[in-house]
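Residue numbers (mature numbering (1 follows the signal peptide of the UniProt record, and there is no 0)): -21 to -1, 1 to 365.
Backbone N, C-alpha and C define an ideal beta-carbon position, used for all residues, glycine too.
Since the structure is predicted, the reported quantities are computational estimates derived from the model, not experimental observations.
Take a look at the structure below.
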């Protein structure tokens, strides 16, 4: 299982054109940095596994971040085999399950009464959130890895070829398309767009964040978060693969081999930036921004300035997920199915739980009372604290 976990970790950096960062693969003569050993510590937090449910075949041993979505009192999760499942947040009871008959590849989107998923075949499928009944299906330009998003009658779809497409939420008909060129070399993954007050905030390869008008797809402003440096395409990669987070009209975004930045949504003005590179993602609370760095370290930065609060270094090379905040704790998942719980103020470990032995690839999600982790083998687990 360990070998399989490391192989999946290597696939995190699959590149377009079937190019790979081979030093992240395991098997045979492996020159990748080994994961740091799990440290021992005194457990001081009482973490409760409320429920765990199996969701299809998960990501089917492929590097797919099939993050679930929360809407209302349900959580919606998809699996590679085409299954989409709706479960009650409080009990994990299955409300419905639908087989889309598509090789699903994306994270799940939910809102406006819809559940939205995308496939490797470039299909977007919309289901009724209450019943799971199929409403429409639409072809887009290429594979969909990011969660489709919906607001104000528009479904926004990000595809791996650099396009952003607006679809009619009622019919699936195309409303507009924004085309952005893709660099010769990029990470296998796309940032999920965020919709905020009628504005789409979308991260692209080459380290750029764009704001676009939701109704038309018209660009409003563009900000370069990081500039690629080095002599090779590999060294110059500064993709935005992490999902931006918006809080109080400020968008927080991270780039691979680049930096974390805070930008005003209205003006597109850079407020601060820090040289902390991330492709996994970040989370924000009232005071801090929490970031999982490329090397597995977890950082806490001051929300108003970007100054360092703490850094947890004991997860080096463990392919940790984006962080999630729950009460006084910050949690991340890892390559062997562990969830690592840290004190929000100090970064010290307070607990460690485990879902199964498969890698946790999908970003965790929270409803404020529990956090939900989804393993690559298809186990969806709800945690809270006492």
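Report the rounded CA-to-CA distance for residue 132 versus residue 91, giving the unit in angstroms.
Locating residue 132 in the chain shown gives position 153, counting from the first residue. Locating residue 91 in the chain shown gives position 112, counting from the first residue. Cα to Cα, residue 132 sits roughly 8 Å from residue 91.
Thinking residue 259 and residue 300 are a contact (beta carbons under 8 Å), I'd like their distance in whole angstroms, please.
One-based indexing of the chain shown puts residue 259 at position 280. One-based indexing of the chain shown puts residue 300 at position 321. About 6 Å separates the two Cβ atoms, so the contact holds.
Skipping 5 residues on each side, what residues in its chain have a beta carbon closer than 6 Å to that of residue 39?
By one-based count along the chain shown, residue 39 stands at place 60. For residue 39, where only same-chain residues beyond five positions count, the Cβ hits under 6 Å are 59.
What's the gap between the Cα of residue 72 and the Cα of residue 66?
What you label residue 72 is simply residue 93 of the chain shown in a count that begins at 1. What you label residue 66 is simply residue 87 of the chain shown in a count that begins at 1. Roughly 5 Å separates the two Cα atoms.
What's the gap between the Cα of residue 365 and the Cα of residue 89?
Working through the chain shown from its first residue, we reach residue 365 at position 386. Working through the chain shown from its first residue, we reach residue 89 at position 110. Those two C-alpha atoms are separated by around 29 Å.
Tell me residue 153's beta-bridge partners as DSSP assigns them.
Position 174 of the chain shown, counting from 1, holds the residue named residue 153. Looking at the DSSP assignment, residue 153 forms a beta bridge with 146.
With H, G and I counted as helix, E and B as strand and the rest as coil, what does DSSP make of residue 337?
Your numbering for residue 337 matches position 358 in the chain shown. Coil at residue 337, not helix or strand.
Here's the rule I'm using: 16 or more other beta-carbon atoms within 10 Å means buried, otherwise exposed. How should residue 20 be labelled?
In the chain shown, the residue the question calls residue 20 occupies position 41. When all chains shown are included, residue 20 counts as exposed.
Can you list, in chain order, the residues of its chain with a C-beta nearer than 6 Å to that of residue 372? Leave out the 5 residues immediately preceding and following it.
Nothing can be reported for residue 372: it is not among the residues displayed for the chain, which extend from -21 to 365.
Return helix, strand or coil for residue 201, following the three-state DSSP convention.
Counting from one through the chain shown, the residue named residue 201 turns up at place 222. Three-state result, residue 201: strand.
Here's the rule: buried if 16 or more other CB atoms are within 10 angstroms of the residue's CB, otherwise exposed. What is residue 330?
Numbered from 1 along the chain shown, position 351 holds the residue referred to as residue 330. So residue 330 counts as buried.
DSSP-derived helix/strand/coil call for residue 319:
Start at 1 with the first residue of the chain shown, and residue 319 comes out as number 340. Three-state DSSP puts residue 319 in a strand.
For residue 102, the first and last residue of its enclosing beta strand (DSSP E):
The residue given as residue 102 occupies position 123 in the chain shown. In the DSSP annotation of this structure, the continuous segment of the beta strand (DSSP E) that includes residue 102 starts and ends at 102 to 107.
What residues are listed by DSSP as bridge partners for residue 131?
By one-based count along the chain shown, residue 131 stands at place 152. Residue 131 is not bridged to any residue.
Simplified DSSP assignment, three categories, for residue 238:
On the chain shown, position 259 is the one that residue 238 refers to. In this structure, residue 238 counts as coil in the three-state DSSP scheme.
Measure the Cβ-Cβ separation of residue 42 and residue 87 and say whether it is below 8 Å.
Walking along the chain shown from the start, residue 42 turns up at place 63. Walking along the chain shown from the start, residue 87 turns up at place 108. Their beta carbons are not under 8 Å apart, which means residue 42 does not touch residue 87 by this criterion.
Strictly by DSSP, which residues pair up with residue 88?
Along the chain shown, read from residue 1 onward, the residue named residue 88 stands at position 109. Answer is 95.
Where does residue 378 land, buried or exposed, given buried means 16+ other C-beta within 10 angstroms?
Coverage of the chain is limited to positions -21 through 365, which leaves residue 378 absent and any answer about it impossible.
Reference residue 183, options 201, 192, 254 and 107, closest by Cα:
In the chain shown, residue 183 corresponds to position 204, counting from 1. Selected option, being the one with the closest Cα: 201.
Leaving out five residues before and five after residue 53 in sequence, what residues of the same chain have Cβ atoms less than 7 Å from its Cβ?
Numbered from its first residue, the chain shown carries residue 53 at position 74. Closer than 7 Å at Cβ, skipping near neighbours: 65, 66, 67, 68 and 74.
Which listed residue (117, 290 and 35) has its alpha carbon closest to that of residue 77:
Within the chain shown, numbered from 1, the residue matching residue 77 stands at position 98. The candidate whose alpha carbon is nearest that of residue 77 is 35.
Taking 7 Å as the cut-off, is the beta-carbon of residue 218 closer than that to any non-hydrogen atom of the ligand NAD?
In the structure shown, the ligand NAD is absent, as is every other ligand, since no ligand is present at all.
Hey, quick one: how far does the beta strand (DSSP E) through residue 180 stretch, first residue to last?
Translated into positions along the chain shown, residue 180 becomes position 201. Counting along the chain, the beta strand (DSSP E) containing residue 180 begins and ends at 178 to 183.
Just to confirm my understanding: we take residue 312, look at its own chain, exclude 5 residues before and 5 after, and list those with CB closer than 6 Å. What are they?
Position 333 of the chain shown, counted from the start, is the residue given in the question as residue 312. These residues qualify, in order along the chain: 300, 318, 339 and 352.
Using CA coordinates, which residue listed in 354, 130 and 101 is at the minimum distance from residue 121?
In the chain shown, counting from the first residue as 1, residue 121 sits at position 142. When only C-alpha atoms are compared, the closest one is 101.
For residue 123, three-class secondary structure by DSSP
Numbered from 1 along the chain shown, position 144 holds the residue referred to as residue 123. If DSSP states are grouped into helix, strand and coil, residue 123 belongs with coil.
CB contact flag (residue 345, residue 277, <8 Å)
In the chain shown, residue 345 corresponds to position 366, counting from 1. In the chain shown, residue 277 corresponds to position 298, counting from 1. No, Cβ-Cβ distance for residue 345 and residue 277 is not below 8 Å.
Could you give the distance in angstroms between the alpha-carbon of residue 96 and the alpha-carbon of residue 140?
Here the question's residue 96 lines up with position 117 in the chain shown. Here the question's residue 140 lines up with position 161 in the chain shown. Computed Cα separation, rounded: 17 Å.
Simplified DSSP assignment, three categories, for residue 226:
On the chain shown, position 247 is the one that residue 226 refers to. DSSP places residue 226 in strand when its eight states are reduced to three.
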